[in-house]
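Just so you know, we're using numbering that gives the first Met the number 0 here: the sequence shown kicks off at 0 and counts up by one. Glycine is no exception: its CB is placed at the ideal position from the N, C-alpha and C atoms. These numbers come from a predicted model, not from an experiment. Reading through the structure tokens given below for one structure.
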Amino acid sequence: MRIIFFILLSVYNFSLTFPQYHSSEWGSITSFLTPTGMQITDEGIVYTSTAGGLLQFNPYTGEFNFIKIEEGLVYLDLATISIDNQGRLWLGGGNPKGCLQIYDPDIGLVNSFCDDLIVSINMIQIGEDIAFAVFHGTTISDVGILEFELDDEGLPIYKDYYTEFNEDGIAEIRDLDLSYDGIYITTDQGIFYGNYSDNLKFKANWSEIYSGNAANQFLPG
Numbered sequence: 000m001r002i003i004f005f006i007l008l009s010v011y012n013f014s015l016t017f018p019q020y021h022s023s024e025w026g027s028i029t030s031f032l033t034p035t036g037m038q039i040t041d042e043g044i045v046y047t048s049t050a051g052g053l054l055q056f057n058p059y060t061g062e063f064n065f066i067k068i069e070e071g072l073v074y075l076d077l078a079t080i081s082i083d084n085q086g087r088l089w090l091g092g093g094n095p096k097g098c099l100q101i102y103d104p105d106i107g108l109v110n111s112f113c114d115d116l117i118v119s120i121n122m123i124q125i126g127e128d129i130a131f132a133v134f135h136g137t138t139i140s141d142v143g144i145l146e147f148e149l150d151d152e153g154l155p156i157y158k159d160y161y162t163e164f165n166e167d168g169i170a171e172i173r174d175l176d177l178s179y180d181g182i183y184i185t186t187d188q189g190i191f192y193g194n195y196s197d198n199l200k201f202k203a204n205w206s207e208i209y210s211g212n213a214a215n216q217f218l219p220g
């Protein structure tokens, strides 16, 4: 399904380029031709995050739908996409505006989180009552993870951020994974594990389970 969809997207031969803001304002030029992630709902509808907004594809009708500012998004340059257990799409913004947007295909935008010190959100993992996202800040060395608590409706409430994982510091987070009791991050300085119940602000509460810079992905269990 994913391979077929990307082939369809690549041969879509007209320009899918839109201004980031309304035509009366200055803004960056974004394009639906740059996919950054994909999720498929239980109904089989395909959603792709792109550098120009959210792209919806219905494989049963062959129709594309372009979800942009007019449809409720607050920022179009999307770096990542995830899906929660209610079928809502979590969208992470790319440089220079790292907004987290929660989009319900039946309702529209239901929640968003933006911070001037966050320039991109590149990975999102959603648990039962907690969620984490990889962020990049305004400087090259400012990289870490954001923690969100989930309210009664499963929507995120910002809790904290974490950047201290070891003595040397990290420059890149390559993978992010959740287990029933903790979080694993794969970095350019190794793989680290932190338990939810600990104060993850302190690097002493992160355990290094792999040292070295060769790892790109980790699968808990």
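As assigned by DSSP and simplified to three states, the class of N204: Along the sequence shown, one-based indexing puts residue 204 at 205. Residue state, collapsed to three classes: helix.
Distance CB(G93)-CB(A50) smaller than 8 Å: Here residue 93 refers to the residue found at position 94 when the sequence shown is read from its first residue. Here residue 50 refers to the residue found at position 51 when the sequence shown is read from its first residue. Cβ distance < 8 Å, so G93 and A50 count as in contact.
Helix, strand or coil at I184 according to DSSP, with G and I counted as helix: Locating residue 184 in the sequence shown gives position 185, where the first residue counts as 1. Note: I184 maps to strand in three-state DSSP.
contact_flag[the region 196-205, the region 167-175] where n(CB pairs < 8 Å) is 3 or more: no
Alpha carbon of E127 to alpha carbon of D150, nearest angstrom: Translated into positions along the sequence shown, residue 127 becomes position 128. Translated into positions along the sequence shown, residue 150 becomes position 151. The straight-line gap from Cα to Cα measures roughly 10 Å.
Endpoints, beta strand (DSSP E) assigned at A78: To locate residue 78, count along the sequence shown from 1; it is residue 79. A78 -> beta strand (DSSP E) spans 77-82.
Nearest neighbour of D141, chosen from K158, D159, E163 [CA to CA]: Stepping through the sequence shown from its first residue, residue 141 is reached at position 142. Checking every option, the nearest Cα to that of D141 belongs to E163.
Boundaries of the beta strand (DSSP E) in which I117 is found, first to last residue: If you number the sequence shown from 1, residue 117 lands on position 118. Unbroken beta strand (DSSP E) run through I117: 117-125.
Proximity winner among H135, E152, Y59, relative to P95 (alpha-carbon distances): By 1-based counting over the sequence shown, the position of residue 95 is 96. Residue H135 is the option with its Cα nearest to P95.
Inter-residue Cα distance where the pair is Y183 and D174: As a first step, residue 183 is located in the sequence shown; it is residue number 184 there, counting from the start. As a first step, residue 174 is located in the sequence shown; it is residue number 175 there, counting from the start. In a straight line, the C-alpha of Y183 is about 8 Å away from that of D174.
DSSP-derived helix/strand/coil call for I68: Along the sequence shown, read from residue 1 onward, the residue named residue 68 stands at position 69. I68 falls in the helix class under three-state DSSP.
Assigned secondary structure, Q216 (DSSP; H/G/I helix, E/B strand, else coil): By one-based count along the sequence shown, residue 216 stands at place 217. Q216 falls in the coil class under three-state DSSP.
CA-to-CA distance, Y102 to C113, given in whole angstroms: Position 114 of the sequence shown holds residue 113. Position 103 of the sequence shown holds residue 102. Going from the Cα of C113 to the Cα of Y102 covers about 15 Å.
Cβ-heavy atom distance, G143 to the ligand ZN, below 7 Å: Here there are no bound small molecules, and the ligand ZN is not part of this structure.
For R87, the three-state DSSP class (helix, strand or coil): Here the question's residue 87 lines up with position 88 in the sequence shown. Three-state result, R87: coil.
Neighbour-count burial assignment, D176, 16 or more Cβ in a 10 Å radius: Counting from one through the sequence shown, the residue named residue 176 turns up at place 177. It counts as buried.
Start-to-end residues for the beta strand (DSSP E) that takes in K158: Along the sequence shown, one-based indexing puts residue 158 at 159. Segment 155-161, the beta strand (DSSP E) holding K158.
Endpoints, beta strand (DSSP E) assigned at L53: As a working mapping, residue 53 is identified with position 54 in the sequence shown. 52-57 is the span of the beta strand (DSSP E), which, as asked, contains L53.
For I172, the three-state DSSP class (helix, strand or coil): In the sequence shown, the residue the question calls residue 172 occupies position 173. I172 falls in the strand class under three-state DSSP.
Chain-order list of residues whose beta-carbon lies under 6 Å from that of Q124 (same chain, five-residue window excluded): Start at 1 with the first residue of the sequence shown, and residue 124 comes out as number 125. Cβ within range, chain order: F131, L175, L177.
Outcome for D76 when other beta-carbon atoms lying within 10 angstroms are tallied against a minimum of 16: As a first step, residue 76 is located in the sequence shown; it is residue number 77 there, counting from the start. Buried.
Of the listed residues E62, E42, T33, nearest to G226 (C-alpha basis): Given that the chain is displayed from residue 0 to residue 220, the structure contains no residue 226 and the question cannot be resolved.
Nearest-angstrom Cα separation, counted from P219 out to L54: The count along the sequence shown starts at 1 and reaches residue 54 at position 55. The count along the sequence shown starts at 1 and reaches residue 219 at position 220. If I take the Cα positions, the gap works out to 31 Å.
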